[in-house]
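Read the sequence shown against this note's numbering and you will find it ends at 542, with the numbers running on by one and no gaps.
Every residue, glycine too, gets a C-beta built ideally from N, C-alpha and C.
Owing to the predicted nature of the structure, the values given are computational and were not obtained by experimental measurement.
Report on one structure; see the data block that follows.
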Amino acid sequence: MNSITRLQPLTTSEAVRAKLRSGAEIALLDVREEALFASAHPLFAVNLPLGRIEERIAGLVPRRDVPVVVYDNGEGRTVQAVRLLRVLGYTDVSALEDGLEGWRRSGGEIFIDVNVPSKAFGELVEHVRHTPSLPARELHDRIGRGDDLVILDARRFIEYNVMSIPGGRSVPGGELALRIRDIAPSPETTVVVNCAGRTRSIIGAQSLINAGIPNPVYALRNGTIGWTLEGLSLAHGADRTGPDISEPNLEAARNRAEHLAGKTGVRYVDKPGLEALLSDPHRTVYRLDVRSPEEYAKRHLAGFRCAPGGQLVQATDEWIGVRHGTIVLTDDDGVRARMTAHWLRQLGWNEVYVLISWASLPSETGSEAPHPARPLPKVETISAEELGRLIADAQALILDLASSSVFRKNHIAGARFVIRPDLVSSPVIQKAKDIILVSPDDIAAHLATPDLTETGARVRVLKGGTDAWKAAGYPIETGLDEATALSVPNDVYKRPYEGTDNAAEAMQAYLDWEFGLVAQLEKDGTHGFRVLEHT
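Okay, here's the thing in structure tokens:
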């Protein structure tokens with residue numbers, strides 16, 4: 008009998024699937040690192056690596072008596088995760104019987120990649136709605152002829168800025184229905200929506216079709232991947248965005264969004280209704296502001312997290328950890344929340360509400376603050392200036408808990424990359440006498456400090472983290488190799504469409520995988536997706 012089977016209680020894979028089909032609330036957490044998660048997992052598993060639980064669990068699973076089922080694939084993370092979740096106050100925590108292998112043996116469908124529910128849904132939308140698409144070469148020829156068209160990139164601006172279709176402009180997916188009438192006022196203008204691959208292109212184009220605009224609308228078939236595979240050149244550093252919104256077009260967009268919300272069963276809630284939802288002890292409630300991060304920072308309602316609508320539809324599992332939880336969306340224009348809600352309803356979320364008024368509700372300014380699951384421990388800290396002097400004397404081991412992707416872009420000279428669970432197993436760390444823990448904003452470093460208590464080393468946290476170090480003007484380094492890594496950098500899965508150095512074979516394999524998702528959904532049988540067939 009192994010350590011997992013001694014954990015009580017256990018939940019079978021069949022029981023998890025029954026809950027998913029029934030509409031009951033459940034959180035299925037994969038506590039491995041992201042690259043391992045991306046290699047194989049159930050459809051509605053949410054990736055929450057063991058070392059990030061304290062940082063992220065409160066946002067993903069805010070109700071502490073909701074059923075939580077945890078698994079790994081034999082890496083030994085489940086035992087620690089269950090124990091930690093119970094310490095954090097989660098009262099209904101169990102291990103998935105026999106982990107991922109048990110899911111597989113029981114007949115559960117296995118998916119690869121990340122944000123799979125949204126990607127599979129996008130493929131289903133195209134299958135059901137026959138969303139029109141243009142191949143890359145045809146779009147290229149139309150551009151060359153000077154045809155009347157606009158190209159709208161539905162990804163986040165930062166993704167668009169890295170690489171984009173020449174002449175395209177950044178209009179993230181949640182903004183499309185709000186801004187399209189001002190971008191393309193002539194009904195003769197062809198509108199082409201693109202992303203890196205397929206999902207946001209399809210959902211973006213179908214959003215505009217659902218929004219009732221008279222223009223010809225197409226998804227760019229296979230996005231920037233398809234463009235690259237055709238041997239066409241991408242633009243880099245583009246910065247074109249959408250125009251301001253005129254009042255007549257705002258009213259037209261709002262009316263259509265309200266119609267779509269009604270067609271899909273979106274509900275509405277005011278302040279008393281919101282308070283009633285929040286006071287229900289048997290309901291997990293997510294409050295999400297679907298506007299841009301910049302608008303959110305200027306003013307937002309207290310208690311609402313920043314979840315731009317296009318990204319929320321594309322990567323719902325990055326904000327919502329409990330399948331069948333209750334979702335309350337808000338905006339300040341009456342369009343974006345309703346459009347996002349109409350997609351979430353089709354994605355199988357039964358309880359989706361739009362907040363109809365901000366009146367009498369408290370508001371805040373600033374970016375979303377971190378919300379760890381428990382107060383940060385009191386630790387010894389060190390300022391950037393003090394650390395600068397310490398580095399000059401080469402007297403301390405600097406451990407950086409940033410993600411490997413962030414570490415590659417910038418880290419303090421001499422810092423070593425480490426994943427939190429490896430803090431207690433690395434011989435280098437065990438031998439150290441003086442340790443400085445750093446992380447981007449110092450939250451992860453604070454939370455990890457107690458892990459090193461038994462080493463006997465002096466442990467300090469860089470106050471304000473690497474962000475404070477850079478703000479003080481101290482130098483940073485780039486790169487990640489064997490000399491700087493104390494952990495295998497499997498905490499981040501590199502998508503085949505990210506960056507500018509992707510192999511054609513990997514990009515084509517990614518597209519082939521997306522094409523097969525509809526068939527996988529049919530075999531899985533737990534998704535509950537319901538595509539709106541007529542608008």
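Given residue i as reference, the closest of the options once Cα atoms are compared
| i | options | result |
| --- | --- | --- |
| K440 | G421, F424 and T460 | T460 |
| A376 | T18, V292 and A65 | A65 |
| S433 | L67, L493 and D448 | L493 |
| Q353 | V538, Q87, F118 and E182 | V538 |
| E62 | R290, A455, E254 and R247 | A455 |
| P369 | S140, R415, R186 and R306 | R306 |
| V157 | L408, A403, E254 and V224 | V224 |
| G443 | R247, A490 and A401 | Note that residue 443 is Ile in the sequence shown here, rather than Gly. The residue with the shortest Cα to Cα distance from I443 is A401. |
| H289 | A475, L241 and H331 | H331 |
| G181 | R93, D338 and L308 | D338 |
| S299 | V135, R144, S177 and S140 | S177 |
| E371 | Q321, L308, L430 and V335 | L308 |
| N256 | D277, I232, T271 and P192 | P192 |
| L383 | I426, K470 and I363 | K470 |
| N497 | G30, E40, E32 and L36 | E40 |
| E393 | V468, S412, S364 and P447 | V468 |
| G272 | N357, Y303 and A322 | N357 |
| E265 | G486, A478, I232 and A218 | A218 |
| I216 | I232, T197 and G233 | T197 |
| R263 | A42, T248 and V342 | V342 |
Span of the beta strand (DSSP E) around residue i
| i | result |
| --- | --- |
| I158 | L156 to D160 |
| T197 | T197 to N201 |
| D72 | D72 -> no beta strand (DSSP E), and no H or E assigned at all. |
| L35 | A34 to D37 |
| D296 | V292 to D296 |
| R343 | Here R343 belongs to no beta strand (DSSP E); instead the alpha helix (DSSP H) covers R343 to Q353. |
| L518 | No beta strand (DSSP E) contains L518, which is instead part of the alpha helix (DSSP H) from A511 to F522. |
| Y275 | R274 to V276 |
Same chain, Cβ closer than 6 angstroms to residue i, five either side skipped, listed in chain order
| i | result |
| --- | --- |
| S20 | G109, W110, S113 and G115 |
| L528 | A127 and H534 |
| V425 | L406, L493 and S494 |
| S214 | L183 and A184 |
Coil, strand or helix - residue i by DSSP
| i | result |
| --- | --- |
| N9 | Residue confidence is low: N9 scores 48 on pLDDT, short of 50, so the model does not pin down where it sits. Its coordinate-derived value is still stated next. Reduced to three states, the DSSP call for N9 is coil. |
| S390 | coil |
| Y500 | coil |
| E286 | It is Ser, not Glu, that sits at residue 286 in the sequence shown. Three-state DSSP puts S286 in a helix. |
| S374 | coil |
| R330 | strand |
| L14 | Here the model assigns L14 a pLDDT of 49, short of 50, so the residue's position is not dependable, and the following value carries that caveat. If DSSP states are grouped into helix, strand and coil, L14 belongs with coil. |
| V335 | strand |
| F311 | coil |
| H48 | strand |
| I64 | helix |
| H534 | coil |
| L27 | helix |
| L107 | helix |
| R90 | helix |
| R144 | helix |
| A401 | coil |
| V320 | helix |
| S494 | coil |
| S364 | coil |
| R42 | It should be pointed out that residue 42 corresponds to Ala in this sequence rather than to Arg. Three-state result, A42: helix. |
Same chain only: Cβ atoms within 7 angstroms of residue i, ignoring 5 sequence neighbours per side
| i | result |
| --- | --- |
| A268 | R345, A348, H349 and V361 |
| S208 | A161, V200, N201, C202, A226, L227 and G230 |
| G395 | Y481 |
| E521 | K126, E130, G204 and R205 |
| A57 | Position check: residue 57 holds Leu in this sequence, whereas Ala was assumed. Correct list, in chain order: V38, R84, Q87, A88 and P428. |
| Q437 | T462 |
| S253 | D189 |
| H378 | A65 and G66 |
Extent of the continuous alpha helix (DSSP H) to which residue i belongs
| i | result |
| --- | --- |
| S125 | V123 to R136 |
| S214 | T206 to N217 |
| I187 | L183 to I190 |
| N168 | F164 to V169 |
| D441 | Counting along the chain, D441 falls outside any alpha helix (DSSP H), though it belongs to the beta strand (DSSP E) covering D441 to V445. |
| L404 | Premise fails: L404 lies in the beta strand (DSSP E), L404 to D407, not in any alpha helix (DSSP H). |
| S411 | S411 to K416 |
| V435 | P434 to K438 |
| E258 | E254 to T271 |
| L227 | Looking at the DSSP string, L227 is not in any alpha helix (DSSP H); the run it does join, the beta strand (DSSP E), is V224 to L227. |
Check: residue i C-beta below 7 angstroms from any heavy atom of the ligand COA
| i | result |
| --- | --- |
| Y481 | No copy of the ligand COA appears in this structure; indeed no ligand is present at all. |
8 angstroms CB neighbourhood of residue i in its chain, flanking five on each side removed
| i | result |
| --- | --- |
| W326 | G66, L67, Y293, L295, R312, A314 and L319 |
| T235 | L241, N509, A511 and M514 |
| L95 | I60, E61, I64, R71, A380 and R381 |
Cβ of residue i within 8 angstroms of any chain B Cβ
| i | result |
| --- | --- |
| S177 | In the structure shown, chain B cannot be found, because there is only a single protein chain. |
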